[in-house]
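Please read the structure below before turning to the comments.
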Amino acid sequence: MLYFSSFFCNQFIKMIKFMRTYIRIKWVGILAVYLAIDLKSFYASVECVERNLDPLEQLVVVADQSRSDKTICLAVSPALKVLGFPGRLRLFEAKEKLKQINHHRRKLAPNQRLVKPTTSLRKLQQYSFLAADMLIVPPRMQLYIDYSVKIYQIYLQFVAAADVHVYSIDEVFIDLSPYLKLYNQSPITIAEQIAQEIFEQTGIIATIGIGTNLYLAKVAMDILAKKQNANEHGTRLAYLDEKRYQELLWQHQPLTDFWRIGRGISQRLAKYSIFTMEDLAMTALQPLEQPINIYTLFKEFGIQAELLIDHAFGKESCSLTAIKNYHHKSKSMSMGQVLPHSYPADKAWLIVREMTEQLYFRLITQQQATTHLHLSMVYQKDTQKSKREGVRGQVRFKQLTADYQEMMIEIEKLYWQIVDINKTVKKIYLTVYPVVPYSFQLMQQLSLFDEIEEHQLQIAKKHQRYQKERELYLTIEAIQKKYGKNAVLKASSLLDYSTIRIRNQQIGGHLA
19 MLYFSSFFCN QFIKMIKFMR TYIRIKWVGI LAVYLAIDLK SFYASVECVE
69 RNLDPLEQLV VVADQSRSDK TICLAVSPAL KVLGFPGRLR LFEAKEKLKQ
119 INHHRRKLAP NQRLVKPTTS LRKLQQYSFL AADMLIVPPR MQLYIDYSVK
169 IYQIYLQFVA AADVHVYSID EVFIDLSPYL KLYNQSPITI AEQIAQEIFE
219 QTGIIATIGI GTNLYLAKVA MDILAKKQNA NEHGTRLAYL DEKRYQELLW
269 QHQPLTDFWR IGRGISQRLA KYSIFTMEDL AMTALQPLEQ PINIYTLFKE
319 FGIQAELLID HAFGKESCSL TAIKNYHHKS KSMSMGQVLP HSYPADKAWL
369 IVREMTEQLY FRLITQQQAT THLHLSMVYQ KDTQKSKREG VRGQVRFKQL
419 TADYQEMMIE IEKLYWQIVD INKTVKKIYL TVYPVVPYSF QLMQQLSLFD
469 EIEEHQLQIA KKHQRYQKER ELYLTIEAIQ KKYGKNAVLK ASSLLDYSTI
519 RIRNQQIGGH LA
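This is the structure we're talking about:
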């Protein structure tokens with residue numbers, strides 16, 4: 019009898035806490051409300067929707083099998099996650115995981131024998147004699163972009179573009195504060211309506227975190243919402259304010275579950291016996307006489323310690339308005355690629371040249387110029403246990419340049435200066451910085467020893483050459499837009515080890 023009384027008392031207390039939170043949200047007793055919305059297993063869900071399959075029921079993995087079994091799986095369906103598949107793994111790991119699942123199912127099956135394979139989670143749960151299988155589909159990046167744009171338009175049915183920050187292709191932040199009185203509804207109701215609209219128009223399921231600042235909204239989504247029961251549309255929601263954050267997550271482990279805390283930061287915090295957000299908060303409050311205090315954190319992490327301490331208390335000073343108003347002091351352009359296999363130095367030079375030409379193409383068509391070109395390469399490991407080695411270097415041009423000939427001469431010099439011809443190259447990264455409007459090049463400061471007339475003549479010649487090159491590249495751009503990027507190629511791009519033809523068919527390094 020005492021046990022039942024205690025049980026009902028605990029349930030009643032939980033209900034009171036929930037109602038208190040619900041009322042606090044419903045009647046807008048808070049200054050700010052943010053939503054963090056994540057589209058559940060986005061790529062895999064899109065592939066399921068396109069095939070009229072249920073992402074919660076079908077075992078689907080998005081990966082490009084044509085590369086190799088070592089390729090990264092871009093997404094796994096929610097049904098695969100139910101079977102214990104992590105969100106990020108390589109294709110060979112997914113296949114190995116499937117073998118382990120079937121090995122375990124075989125032991126439990128009648129006569130220890132599995133028959134017909136199925137990609138249906140429901141059937142696997144119903145029939146122990148079925149073997150688990152998965153549908154491996156190649157990525158289609160343009161399709162995912164189209165879905166993302168469509169879902170963004172759904173957000174704009176509820177809020178203005180100024181109150182939406184696109185965090186990634188499948189994740190956004192929304193400042194809901196100005197709309198609570200307008201709709202006269204609770205944040206939970208509005209969030210559910212947005213999720214329902216997304217599901218009805220696209221078939222994609224959303225997970226939503228609601229918080230009194232951006233950080234709490236993100237953490238509510240990442241840690242709490244994904245553990246909540248789903249509604250009829252599969253949506254999971256969670257709410258956090260500073261008080262609930264301290265009640266629910268101060269003791270949460272591991273720290274890497276929290277936004278902006280990776281394995282490296284977690285290990286550095288562990289040196290000071292900090293394993294939870296409460297440990298971090300209490301360390302910041304320690305008297306200065308204690309050996310580990312707030313100064314210890316600033317000594318270890320620098321200015322980043324301020325952010326860590328704020329987050330430990332559930333605080334976030336950055337607003338959506340501040341994000342929208344932020345502008346980079348300088349800009350750069352970069353590209354990188356992991357080669358399909360290791361390349362010897364002579365063949366890797368072709369890839370570097372192609373990448374330089376692509377960066378130059380972007381510079382000239384966008385009327386930009388630069389002063390620095392940075393090249394870094396990573397070599398193929400000699401053995402499985404050896405560390406991966408690399409090399410890097412940079413060119414500094416005498417003046418702002420957007421000259422093709424100058425860039426190609428300098429990058430070739432740099433490449434042969436730094437490359438080790440006895441090693442094979444696996445990864446290449448190229449960056450130009452800072453990137454500024456080309457008109458700045460015409461306003462360069464002369465030294466006391468420069469002849470004005472001669473300098474002006476040189477500038478005029480370079481500008482004339484630039485104009486001719488720009489006209490050429492704009493023509494090439496127009497042809498490529500109409501007929502595809504592979505419509506105009508250099509003869510060297512037809513060599514079997516060139517990668518530009520394949521890359522022209524990709525978006526973000528994956529099949530378009």
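This note's numbering applies: residue 19 is where the sequence shown begins, and numbers increase by one. Ideal Cβ positions, reconstructed from N, Cα and C, are used throughout, including at glycine. Here the structure is a predicted model, which means the values were calculated and not measured.
Using a Cβ-Cβ cutoff of less than 7 Å, which residues in the same chain neighbour Tyr40 once the five nearest sequence positions on both sides are dropped?
Counting from one through the sequence shown, the residue named residue 40 turns up at place 22. Model confidence at Tyr40 stands at a pLDDT of 45, short of 50, so the residue's coordinates are unreliable; what they give is reported in the following sentence. Within the same chain, Tyr40 has no close Cβ partners at all.
For Ala509 and Met425, what's the separation of their Cα atoms in angstroms?
For the purposes of this step, residue 509 is identified with residue 491 of the sequence shown, where counting begins at 1. For the purposes of this step, residue 425 is identified with residue 407 of the sequence shown, where counting begins at 1. Taking the straight line joining both Cα atoms gives about 20 Å.
Mind listing, in chain order, the continuous beta strand (DSSP E) runs of no fewer than 3 residues lying wholly within the region 138-163?
153-155
Own chain residues within Cβ distance below 7 Å of Leu377, not counting five before or after
Stepping through the sequence shown from its first residue, residue 377 is reached at position 359. If we look at Leu377 and ignore the five residues flanking it on each side, its Cβ neighbours are Met351, Met353, Leu448, Val450.
Out of Ala50, Pro96, Asp87, Ile90, state which residue places its alpha-carbon closest to the alpha-carbon of Leu57.
In the sequence shown, the residue the question calls residue 57 occupies position 39. Considering only alpha carbons, the answer is Pro96.
Step through the CB atoms of chain D and report whether any lies within less than 8 Å of the CB of Leu132.
Absence of chain D from the displayed structure is noted, only one protein chain being present.
Please indicate yes or no: does the CB of Lys88 lie closer than 7 Å to some heavy atom of the ligand FAD?
Here there are no bound small molecules, and the ligand FAD is not part of this structure.
Using DSSP bridges, identify the partner residues of Thr388.
Within the sequence shown, the letter at position 370 stands for residue 388. For Thr388, which the question treats as bridged, DSSP gives the partners Thr419, Val453.
8 Å Cβ cutoff met for Ala209 and Ile216:
Here residue 209 refers to the residue found at position 191 of the sequence shown. Here residue 216 refers to the residue found at position 198 of the sequence shown. For Ala209 and Ile216, no; Cβs fall outside 8 Å.
Could you tell me the distance, in whole angstroms, from the CA atom of Pro128 to the CA atom of Asn120?
Looking up residue 128 in the sequence shown gives position 110. Looking up residue 120 in the sequence shown gives position 102. C-alpha separation (whole angstroms): 13 Å.
Mind checking who Val79 pairs with in its DSSP beta bridge?
Locating residue 79 in the sequence shown gives position 61, counting from the first residue. DSSP, once it has assigned bridges, lists Val94, Ile154 as partnering Val79.
Contact defined as beta carbons within less than 8 Å: I believe His390 pairs with Arg414. What is the distance between those atoms, to the nearest angstrom?
Residue numbering aside, residue 390 sits at position 372 when the sequence shown is read from its first letter. Residue numbering aside, residue 414 sits at position 396 when the sequence shown is read from its first letter. Correct: roughly 6 Å between the Cβ atoms.
Own chain, CB closer than 6 Å to Phe60, minus 5 neighbours either side, in chain order:
Against the sequence shown, residue 60 aligns to sequence position 42. Only Asp188 meet the Cβ criterion.
Taking buried to mean at least 16 other C-beta atoms within 10 Å of its own C-beta, is Tyr162 buried or exposed?
Position 144 of the sequence shown holds residue 162. Buried, because 16 or more other Cβ atoms sit within 10 Å of the Cβ of Tyr162.
Leaving out five residues on either side along the sequence, give the residues of the same chain with a beta carbon under 6 Å from the beta carbon of Leu242.
Your numbering for residue 242 matches position 224 in the sequence shown. So the list reads Ala256, once near-sequence residues are dropped.
As assigned by DSSP and simplified to three states, the class of Phe276
Looking up residue 276 in the sequence shown gives position 258. Three-state DSSP puts Phe276 in coil, outside helix and strand.
Specify the secondary structure class of Gly105 as computed by DSSP and reduced to three states.
Position 87 of the sequence shown holds residue 105. Coil.
Selected residue, minimal CA-CA separation from Val356, among Thr89, Val79, Ile55, Cys66:
Working through the sequence shown from its first residue, we reach residue 356 at position 338. That would be Thr89, whose Cα lies nearest to the Cα of Val356.
If distances are taken between C-alpha atoms only, which option among Tyr173, Gln498, Thr314 comes closest to Lys289?
Within the sequence shown, residue 289 is the residue found at index 271, counting from 1. Residue Thr314 is the option with its Cα nearest to Lys289.
Pop quiz: Val94 and Gly102 are said to be a contact at Cβ under 8 Å. What is the actual Cβ separation, rounded to whole angstroms?
As a position in the sequence shown, residue 94 is number 76, starting the count at 1. As a position in the sequence shown, residue 102 is number 84, starting the count at 1. With a Cβ gap of about 10 Å, Val94 and Gly102 do not count as contacting.
What are the start and end residues of each continuous alpha helix (DSSP H) run of 4 or more residues lying completely inside the region 206-238, in chain order?
232-237
Do you know whose CA, among Thr137, Thr136, Asp87, lies nearest Glu114's CA?
Here residue 114 refers to the residue found at position 96 of the sequence shown. If we check each option's Cα against that of Glu114, Asp87 comes out closest.
My guess is that Gly332 and Ala54 are in contact by the Cβ rule of under 8 Å, so how many angstroms apart are they, rounded?
As a working mapping, residue 332 is identified with position 314 in the sequence shown. As a working mapping, residue 54 is identified with position 36 in the sequence shown. Gly332 to Ala54, Cβ: 14 Å. No contact.
Hey, Thr383 and Tyr491 are a contact pair by Cβ (cut 8 Å); roughly how many whole angstroms apart?
As a position in the sequence shown, residue 383 is number 365, starting the count at 1. As a position in the sequence shown, residue 491 is number 473, starting the count at 1. Confirmed, Cβ separation roughly 6 Å.
Using C-beta distances below 8 Å, list every residue in its chain close to Gln83, excluding the 5 sequence neighbours before and after it, in chain order.
Counting from 1 along the sequence shown, the entry for residue 83 is found at position 65. Once the five neighbours on either side are set aside, the close Cβ partners of Gln83 are Thr89, Leu109, Ile154, Pro156.
Delimiting residues of the beta strand (DSSP E) encompassing Ile55:
Here residue 55 is taken as the residue at index 37 of the sequence shown, counted from 1. Where Ile55 is concerned, the enclosing beta strand (DSSP E) stretches over 52-57.
Quick check on His329: buried or exposed, where buried means 16 or more other Cβ atoms within 10 Å of its Cβ?
The residue labelled residue 329 in the question sits at position 311 within the sequence shown. Classification for His329: buried.
Selection from Gly280, Asp193, Thr419 that minimises the alpha carbon distance to Gln386
Position 368 of the sequence shown, counted from the start, is the residue given in the question as residue 386. Checked all of Gly280, Asp193, Thr419; the closest Cα to Gln386 is Thr419.
Short Cβ contact (8 Å threshold) for Ala299 with His251:
Taking the first residue of the sequence shown as position 1, residue 299 is located at position 281. Taking the first residue of the sequence shown as position 1, residue 251 is located at position 233. Result no, Cβ atoms of Ala299 and His251 do not sit closer than 8 Å.
Burial state of Ala496 (16 or more Cβ within 10 Å):
Locating residue 496 in the sequence shown gives position 478, counting from the first residue. Flag for Ala496 reads exposed.
Pick from Ile439, Gln474, Pro358, Thr388 that is closest to Arg85, judged by C-alpha positions:
Your numbering for residue 85 matches position 67 in the sequence shown. Looking at the Cα atoms, Pro358 is the closest of the given residues.
Arg38 versus Leu258: straight-line alpha-carbon distance, rounded:
Within the sequence shown, numbered from 1, the residue matching residue 38 stands at position 20. Within the sequence shown, numbered from 1, the residue matching residue 258 stands at position 240. Its pLDDT being 45, under 50, Arg38 is placed unreliably by the model, and nothing is read from it.
Is the CB-CB distance between Ala149 and Leu132 below 8 Å?
Here residue 149 corresponds to residue number 131 of the sequence shown, with the count starting at 1. Here residue 132 corresponds to residue number 114 of the sequence shown, with the count starting at 1. Yes; because the gap between Cβ atoms is below 8 Å, this pair is in contact.
Considering only residues of the same chain and omitting the five flanking positions on each side of Ile43, which have a CB-CB separation below 8 Å?
Here residue 43 refers to the residue found at position 25 when the sequence shown is read from its first residue. Confidence in Ile43 is poor, its pLDDT being 43 and thus under 50, which makes the residue's placement too unreliable to answer from.
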